[in-house]
Amino acid sequence: MADGARTGFAADRTKNGYIRCAFVPEMLASFLHNMPFIFKWGTETEEEPSDLEAEISADNEFTAPINAIQDDLPHNRIFYGAPGTGKSHNLKSGLERYFPDKELFERTTFFPEYTSGMFMGAYRPTPIYRAAEGQFFQADQKQPAPSLEPIIDYRHMPGPFLRLLAKALSHPEHNFCLVIEELNRANASAVFADAFQMLDRDDDGTGKYEVTLPQEAQDYLATHGHLGPVWIPSNMYIWATMNSADQGVFPMDSAFKRRWSMEYLGIDDGEEVVKDWEMSLPFITTGPIKWNKFRKAINIHLARQGIAEDRLIGPFFMTRKDLAKPKAFEDKIIQYLRDDVMRTAPGKLFAGEAKSFGALVSAYRRGENIFVQDIKFGDD
């Protein structure tokens, strides 16, 4: 039972068959959460591994190869730029190089309703069952079901940040990465909440400050052997993407942004990758046009109209497969340019009397050049 003081929790069986538990106060919630497993363990023979032991064993097993990182990589890293500049592509390439095993990273995507509870963890309803007499049926009322009565319980479900933090603390010989797509589509400062201060790092990447997380988060970390205040270890990286041109994004305050390494991707970065991509436009009768030539002609005109660079079209805005689909051009290019970029002044980009999205699509399908004559798609 001395292990209880060292690890925070210990249990054994007396000669009379009684279950004996010892734990520190911080482990009370964990004890109550795992109590059914502990009592079941007390009825099993010593030769049989208990559910609790199996759960702990599975949690401690880690098969990913060690991924030592020699390069001087930013620990808190944001890729940002115009739509289609390859933010997710660059992040994915970094993941494949430095965190090649799926156990070494977690991925989440922010959206306007994303909360700290989703990111860190929260109590959520979970069905549990108790034996009951009588006849039970599935929801379709036809298939018989086991004689178990469902009861709604509430259990703490850790979010991606807490899960990866526990991994990083438990396996210091590995490096881990938390990937956040569309960082500024949620209120990032509010989502990080208590973890906001943890983003401050020393030169070696270790968090400067210890933070006391909410009790339920502490209980979760305690089940992994980590008691008390915690900090982000140097083997935990957080990489994100953001696009300030999107509608409905949340502005990020300077205190939050200064904790990150901001990596800008220019509007033509990566254009060599797509240099051979082509597209066909019904109003160009001389044959296919290079994708780079089309988007650059549009971008030059938009820049002359005072449109900010983060609203221009990057090389990866369309996939090569999309370029072969006329419908994709309508739904992505025309829609983006009309409704997002030139919403208030469509006449500066589109020709003709009708400037609604529907009218532009109809004209495009008739083979009309829907763009103003100032835009030249001809030879360089």
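Be aware that the sequence shown starts at 4, since it is given in our numbering, and climbs by one per residue.
Ideal placement from N, C-alpha and C gives every residue a C-beta, glycine not left out.
This structure is a prediction, so every number in the text was calculated from the model and none was measured.
With 16 other Cβ atoms within 10 Å as the buried cut-off, status of residue i
i, result
"Asp222", "buried"
"Glu185", "buried"
"Ala134", "exposed"
"Ala225", "buried"
"Pro103", "exposed"
"Met265", "exposed"
"Pro349", "buried"
"Ala243", "buried"
"Gly208", "buried"
"Leu151", "exposed"
"Arg261", "exposed"
"Arg307", "exposed"
"Ser119", "buried"
"Lys299", "buried"
"Tyr240", "buried"
"Phe286", "exposed"
"Gly317", "buried"
"Tyr367", "buried"
"Gly361", "exposed"
Opposing strand residues paired with residue i [DSSP bridges]
i, result
"Ile244", "Residue identity check: residue 244 is Thr in the sequence provided, not Ile. Partner(s): Phe82."
"Glu184", "Thr112"
"Asp156", "Thr129"
"Val233", "Val214"
"Arg204", "Gly210"
"Gly124", "Pro161"
"Phe320", "According to DSSP, Phe320 bridges with nothing at all."
"Phe179", "Met239"
"Ala134", "Leu151"
"Phe65", "None; Phe65 has no bridge partner."
"Phe353", "Phe374"
Host beta strand (DSSP E) of residue i (start-end)
i, result
"Ile287", "Looking at the DSSP string, Ile287 is not in any beta strand (DSSP E), and its letter there is neither H nor E."
"Leu268", "264 to 268"
Any chain E beta carbon closer than 8 angstroms to residue i
i, result
"Glu213", "Here there is only one protein chain, and chain E is not present."
Neighbourhood of residue i by C-beta distance below 8 angstroms, restricted to the same chain and skipping five residues each side
i, result
"Thr48", "For Thr48, the predicted structure reports a pLDDT of 44, less than 50, and the residue's modelled location is therefore unreliable. The matter cannot be settled from this model."
"Ile69", "Glu176, His177"
"Ile373", "Phe286, Ile337, Phe353, Ala354, Gly355, Leu363, Ala366, Tyr367"
Spatial neighbours of residue i in its chain, beta-carbon cut-off 7 angstroms, leaving aside the 5 residues before and after
i, result
"His174", "Phe65"
"Gly124", "His159, Met160, Pro161, Gly162, Leu165, Glu219, Ala220, Tyr223"
Delimiting residues of the alpha helix (DSSP H) encompassing residue i
i, result
"Glu99", "90 to 101"
"Ser257", "257 to 260"
"Ile407", "The structure shown does not extend to residue 407, since the chain is modelled only from 4 to 383, so the question has no answer here."
"Arg368", "360 to 368"
"Ala311", "First-last for Ala311: undefined, no H or E at that position."
"Phe195", "191 to 195"
Close beta carbons around residue i, own chain, < 6 angstroms, minus the five adjacent residues each side
i, result
"Asp205", "Lys211"
"Asn93", "Phe82"
Heavy atom of the ligand MG within 7 angstroms of residue i beta-carbon
i, result
"Glu274", "The ligand MG is absent from the structure shown, which contains no ligands of any kind."
State whether the stretch 120 to 136 contacts the stretch 81 to 101, with contact taken as three or more CB pairs (one from each stretch) at a distance under 8 angstroms. By the Cβ criterion, the stretch 120 to 136 is not in contact with the stretch 81 to 101, since fewer than three pairs of Cβ atoms, one from each stretch, lie closer than 8 angstroms.
Using 8 angstroms as the Cβ pair cut-off and three pairs as the minimum, do the stretch 272 to 279 and the stretch 209 to 225 touch? With a cut-off of 8 angstroms, the stretch 209 to 225 and the stretch 272 to 279 do not count as touching, because too few Cβ pairs lie within range.
Evaluate contact between the stretch 107 to 116 and the stretch 182 to 200, counting only Cβ atoms and requiring at least three cross-stretch pairs below 8 angstroms. The stretch 107 to 116 makes contact with the stretch 182 to 200; the number of CB pairs closer than 8 angstroms reaches 3 or more.
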